[in-house]
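Visitor:
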């Protein structure tokens, strides 16, 4: 099934992830965007949306584990990275302009600032 292929390609095993964290890998913004674009050309957008929902659910599970004292930092970091990548996919799929997203973030943060006073 194509969903399983995408899931296997998206996730990496834990030891490979930890190895990558210890490496000197540092992609440029241009290269990150190119990878996102090529991935969206390879797989159907609805499939990418499904994977995004699954990845966001996995982040939710990691947060829950952290709150309950059972989480591990590496697992949380990995799921946060997956979620961030998926947000980039969604930004591209739904043609969300970076400046529009940043404006929306600023509006939300302004509300947060008001709540903190």
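In this note's numbering, the protein residues as written are 3 to 119.
For every residue, glycine included, the Cβ atom is placed at its ideal position computed from N, Cα and C.
#1: Please state if the CB of residue 47 and the CB of residue 95 are separated by a distance shorter than 8 Å.
#2: Helix, strand or coil for residue 73 per DSSP?
#3: At the level of alpha carbons, what is the spacing between residue 81 and residue 111?
#4: Which full runs of the alpha helix (DSSP H) of 4+ residues lie inside the segment 25 to 89, going along the chain?
#5: To which residues of the same chain is residue 88 closer than 6 Å at the C-beta, ignoring the five residues directly before and after it?
Guide: Per the coordinate set shown:
#1: yes
#2: coil
#3: 23 Å
#4: 31 to 44 and 47 to 70
#5: 54 and 57
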